[in-house]
Amino acid sequence: MALVPLGYAGPSDVGYFRPSNDWTPRPDHLPHSPHAGSFGHLPFHHGYGNLLGGIMRGDWGSRVAPWRNPEAGSYSDRIVHNFQSQSADPNGTVGGTARDDRQAQWGDGRANRLEARGEGGNDLLLQVGRRGDDSLHAYGGDGRDRIRQHGGAGDDFQLASGDQGDDSIRQFGGRGNDRLISSGGDGNDRSLQRGGTGDDLLVSQGGEGHDRLRQRGGFGDDQLFASGDGGDDRIRQRGGPGQDQLNAAGGDGNDLVSQRGGTGNDALNASGDRGDDRLVQRGGAGSDQMLAAGGDGRDVLVQRGGAGADQLAAAGGDGNDVLRQSGGAGDDVLRAGGGPGDDRILQRGGTGNDQLIYDVGEGRDQVLLSGGQGRDSAQINGHGQNFTIRDAEGRVLYTSGEGGTSILARGLENIQVMGDDGKALWNWQAS
Numbered sequence: 009m010a011l012v013p014l015g016y017a018g019p020s021d022v023g024y025f026r027p028s029n030d031w032t033p034r035p036d037h038l039p040h041s042p043h044a045g046s047f048g049h050l051p052f053h054h055g056y057g058n059l060l061g062g063i064m065r066g067d068w069g070s071r072v073a074p075w076r077n078p079e080a081g082s083y084s085d086r087i088v089h090n091f092q093s094q095s096a097d098p099n100g101t102v103g104g105t106a107r108d109d110r111q112a113q114w115g116d117g118r119a120n121r122l123e124a125r126g127e128g129g130n131d132l133l134l135q136v137g138r139r140g141d142d143s144l145h146a147y148g149g150d151g152r153d154r155i156r157q158h159g160g161a162g163d164d165f166q167l168a169s170g171d172q173g174d175d176s177i178r179q180f181g182g183r184g185n186d187r188l189i190s191s192g193g194d195g196n197d198r199s200l201q202r203g204g205t206g207d208d209l210l211v212s213q214g215g216e217g218h219d220r221l222r223q224r225g226g227f228g229d230d231q232l233f234a235s236g237d238g239g240d241d242r243i244r245q246r247g248g249p250g251q252d253q254l255n256a257a258g259g260d261g262n263d264l265v266s267q268r269g270g271t272g273n274d275a276l277n278a279s280g281d282r283g284d285d286r287l288v289q290r291g292g293a294g295s296d297q298m299l300a301a302g303g304d305g306r307d308v309l310v311q312r313g314g315a316g317a318d319q320l321a322a323a324g325g326d327g328n329d330v331l332r333q334s335g336g337a338g339d340d341v342l343r344a345g346g347g348p349g350d351d352r353i354l355q356r357g358g359t360g361n362d363q364l365i366y367d368v369g370e371g372r373d374q375v376l377l378s379g380g381q382g383r384d385s386a387q388i389n390g391h392g393q394n395f396t397i398r399d400a401e402g403r404v405l406y407t408s409g410e411g412g413t414s415i416l417a418r419g420l421e422n423i424q425v426m427g428d429d430g431k432a433l434w435n436w437q438a439s
């Protein structure tokens, strides 16, 4: 079977091919065009060995067209656009079908706008911007789609939408200040975003379903935003060498959010919203700021300081929550409040001189304030609330009201109970 050109009008146009029965294609025997040099082809077979179709690529033009064997019945479309030629239009749109499409697009080094649409079916969409400030748009449509985007060297914009179905999206920023936006839509989606060497913006939305979202900052000062929406979602974010901002919201469902700072001074913000959520934040080498809010449900919040002087704040919200905070190597500030439920709260100092701050809530909390290796102090904000402070031997140090929260303090150099005016109502010093 051979491939015979059906039409060709110049180097910027598309060549179309039909099958012929007088030649059997082999990797070392490729057809030639009378207008230019050799072509390459990618054949497709089914299990019985019949040739279904393939892709032809020639050096006379920048676009590559699919072909198929009409005798072999229907098969999923394979479409490739290659915009490498300077004589070609560097912008273009590839439209898919209701079947399983395979589409690929490359930029030509200039500011390209590439758009790929899969429509229905389980599609694979590949876009590479190369050099230049590129704009990449990919829409998977219905079905289990795979979208891959790489911006290249310029300040690129990438938009990927999986729509319906269990989709897989991967976006890479490359060099330059890039903007990466992905939306999985309904379904159990997986998304991976990575910044490059510039100051990048990464936005990922899972939509309805049990989604897996991963984001990682590059070498610049990056901003990361992730939202799981409905379903039991898993969100993982990690900062890079720059001063990054990590923001994650689990949405409805029982979510897991994991954030880790990089080597810079990072800001980590996480919220679970409704559901029984688990939020985990770890500081990096820099002086990081962490904020975690559990929302409704029985939440678990874990915060660990890194090597720098970190600031940690955690709020459990409604429900019976578990909050665990520990300082790292620097002089850290840890602040926690359980909210209306009956919460369990642990604050532990690290190797530095840490300050532990506890905001007494409305519930009957069980609180442990533990000093670390440094000279740590505790501040309790609870004027008008019911709570009792005891030392490691169980002796009562301070009581406000009746019952309420039980606070156990050990290994601390100083404890203060603060009034509403910010002045100390009670001050205790270790002997």
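Quick note on the numbering used here: the sequence shown kicks off at 9 and runs consecutively.
All C-beta atoms, glycine included, are put in the ideal place defined by N, C-alpha and C.
Closest by C-alpha distance to residue i, when choosing among the options
{"i": "P348", "options": "G379, E370, T359", "result": "E370"}
{"i": "A301", "options": "T407, G258, D175", "result": "G258"}
{"i": "G291", "options": "L309, A317, L210", "result": "A317"}
{"i": "G272", "options": "Q231, A438, G305", "result": "Q231"}
{"i": "R118", "options": "G238, G160, N262", "result": "G160"}
{"i": "G248", "options": "D237, L276, S235", "result": "L276"}
{"i": "G345", "options": "L354, G338, D241, D339", "result": "L354"}
{"i": "S295", "options": "G280, G269, S279", "result": "G269"}
{"i": "T396", "options": "R383, G412, N389", "result": "G412"}
{"i": "I388", "options": "G335, R372, Y406", "result": "Y406"}
{"i": "E401", "options": "D351, N328, L416, G427", "result": "L416"}
{"i": "R178", "options": "K431, Q201, L188", "result": "Q201"}
{"i": "G430", "options": "D367, D373, V404", "result": "D367"}
{"i": "H158", "options": "R139, H145, G181", "result": "G181"}
{"i": "G214", "options": "D340, G226, R224, F233", "result": "F233"}
{"i": "V211", "options": "N120, F165, S143, S190", "result": "S190"}
Outcome for residue i when other beta-carbon atoms lying within 10 angstroms are tallied against a minimum of 16
{"i": "A322", "result": "buried"}
{"i": "N6", "result": "Since the displayed the chain opens at 9 and closes at 439, residue 6 lies outside it and no answer follows."}
{"i": "G409", "result": "exposed"}
{"i": "V425", "result": "buried"}
{"i": "D307", "result": "buried"}
{"i": "R427", "result": "Checking the displayed sequence, the identity of residue 427 turns out to be Gly instead of Arg. Exposed."}
{"i": "R34", "result": "For R34, the predicted model reports a pLDDT of 34, less than 50, meaning its position is unreliable and no value from the coordinates is stated."}
{"i": "R198", "result": "buried"}
{"i": "A386", "result": "buried"}
{"i": "V404", "result": "exposed"}
{"i": "A278", "result": "buried"}
{"i": "G392", "result": "exposed"}
heavy atom of the ligand GTP below 7 Å from residue i C-beta
{"i": "S169", "result": "No copy of the ligand GTP appears in this structure; indeed no ligand is present at all."}
Residue range of the unbroken beta strand (DSSP E) whose run includes residue i
{"i": "T271", "result": "First-last for T271: undefined, no H or E at that position."}
{"i": "A256", "result": "253-257"}
{"i": "N422", "result": "422-426"}
{"i": "H158", "result": "154-158"}
{"i": "T407", "result": "404-408"}
{"i": "E123", "result": "121-125"}
{"i": "N435", "result": "432-437"}
{"i": "R138", "result": "First-last for R138: undefined, no H or E at that position."}
{"i": "S378", "result": "374-378"}
{"i": "A301", "result": "297-301"}
{"i": "Y289", "result": "According to the sequence shown, residue 289 is Gln rather than Tyr. Note, Q289: beta strand (DSSP E), 286-290."}
{"i": "A322", "result": "319-323"}
Residues that DSSP places opposite residue i in a beta bridge
{"i": "D367", "result": "G345, N389"}
{"i": "S235", "result": "Q213, A257"}
{"i": "T396", "result": "T407, S414"}
{"i": "A146", "result": "A124, A168"}
{"i": "F180", "result": "H158, R202"}
{"i": "R332", "result": "V310, L354"}
{"i": "R222", "result": "L200, R244"}
{"i": "S191", "result": "S169, Q213"}
{"i": "R282", "result": "Per DSSP, none; premise fails for R282."}
{"i": "Q381", "result": "Its beta-bridge partners do not exist; DSSP assigns none."}
{"i": "N185", "result": "Answer by DSSP bridge pairing: none, since N185 is not bridged."}
{"i": "N277", "result": "N255, L299"}
Other residues of its chain near residue i: CB distance less than 7 Å, five sequence neighbours each side excluded
{"i": "R152", "result": "N130, G173, D174, D175"}
{"i": "D150", "result": "G128, D171, Q172, G173"}
{"i": "R183", "result": "A161, G204, T205, G206"}
{"i": "A315", "result": "A293, G336, A337, G338"}
{"i": "N361", "result": "D339, G382, R383, D384"}
Any C-beta of chain C under 8 Å from that of residue i
{"i": "Y366", "result": "Absent from the structure is chain C; it holds one protein chain and no more."}
Cut-off 6 Å between Cβ atoms - residues of its own chain near residue i, not counting five sequence neighbours on either side
{"i": "L309", "result": "L287, A300, G302, A322, L331"}
{"i": "S378", "result": "R356, R418, G419"}
{"i": "N185", "result": "D163, G206, D207"}
{"i": "R312", "result": "R290, S334"}
{"i": "R244", "result": "R222, S266"}
{"i": "L264", "result": "R242, R286"}
{"i": "H145", "result": "E123, L167"}
Cβ-based neighbour list, residue i, same chain, cut-off 8 Å, excluding 5 preceding and 5 following
{"i": "D274", "result": "G247, Q251, D252, Q253, L254, G291, G292, G294, D296, Q297"}
{"i": "D260", "result": "D237, G238, G239, D281, R282, G283"}
{"i": "A438", "result": "L420, E421, N422"}
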